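Step one of this worksheet: look at the structure below.
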Amino acid sequence: MEGMRDDSEDLVEKRIIQPKGMAEAVGPFSRAVRVGDLLYIAGTTALSHVSGDYYQRALPATIEEQTRQTFENIRTCVEAVGGTMADIFKVVIMLKDPAHYKRMNTVRAEFFPKDPPISTCFQASLMRNDVLIEVEAVAALR
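Read in order, the letters of the sequence shown correspond to residues 570 to 711 in our numbering.
Structure (C-alpha cells):
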C-alpha cells in the first residue's frame, strides 16, 4: 500500500550466544544475547563456567578470587563474538556484602584499566550463600 512503511527492513536480528567454555545457564535464560552491535551478558558469577549441579559446584572462597573469575567469565562471553573487555560500556554488580566493595573494585580495575564502563552496584541476596558477587554486562561491538 502506498504510504505504508515496511518495518521488516528495520528489524535487528537477536542471536543467542552460548560461549565455548561456559556452562549452560541454570534456568530458562541465555548466557548472552546479541542484538545488532550490542551484546547483553546475563548475570555471571564465578560458577558460570562450571558444569554440573549448581549447588555442588566448587566456588573460590574470597571476594578477590570470585571477582576475578566472574570477570574472566564475562571476558569469555564478549570474546566469543569477537569483542574485548574494552567494548563493555555498562556493568551491574550485585554484592552480597557491601564491605567487599573496595576489594572487589581493586580486582575490577585490572579488567578495565582505561575508560571503565558505567556501573551500578548494590547489595543483594544471591542464589547461593557462598556466592559473593554477580555481574551483568553490556558491550557495544565494533
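By construction, the Cβ of each residue, glycine as well, lies at the ideal position given by its N, Cα and C atoms. Quick caveat, the model's predicted, so the values are computed rather than measured.
Here the alpha carbons of Tyr670 and Ile643 stand approximately 19 Å from one another. Within the model, the alpha-carbon separation for Asp699 versus Ile586 is close to 27 Å. Contact between Pro588 and Arg603 is absent: CB atoms are separated by about 11 Å, not below the 8 Å threshold. Pairing Gln635 with Ala611 gives a Cβ-Cβ distance that is not under 9 Å.
About 28 Å separates the beta carbons of Gly621 and Ala708, which is beyond the 8 Å limit, so they are not a contact pair. The alpha-carbon of Glu679 is positioned some 26 Å away from that of Ser694. Residue range 632-648 is occupied by the alpha helix (DSSP H) that includes Phe640. If you check the CB distance, Glu703 and Ile662 come in under 9 Å. For Arg677, the uninterrupted alpha helix (DSSP H) segment begins and ends at 670-680.
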